[in-house]
Amino acid sequence: RKLLEEGHHVLIFSQTRKMLNLIQEAILLEGYNFLRIDGTTKIAE
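Quick note on our numbering: the sequence shown kicks off at 30 and runs consecutively.
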């Protein structure tokens, strides 16, 4: 949280989409903006 308040960006890596789903839920609950890129993301996106 402190990093975001100071204007930093955060990059999160995970080997599984299941873990990304859990992280995404937590990020949404906190009200943060995020961009998710995983193996299902189309090139045009």
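Beta carbons: idealized from backbone N, C-alpha and C, even for Gly.
- For isoleucine 56, the uninterrupted alpha helix (DSSP H) segment begins and ends at 46-59.
- The C-alpha of isoleucine 52 lies about 18 Å from the C-alpha of lysine 31.
- Selection Asn62, Met48, Thr45 and Ile66 evaluated against leucine 33 yields Asn62 as nearest (Cα-Cα).
- DSSP places lysine 71 outside both helix and strand once states are collapsed to three, so it counts as coil.
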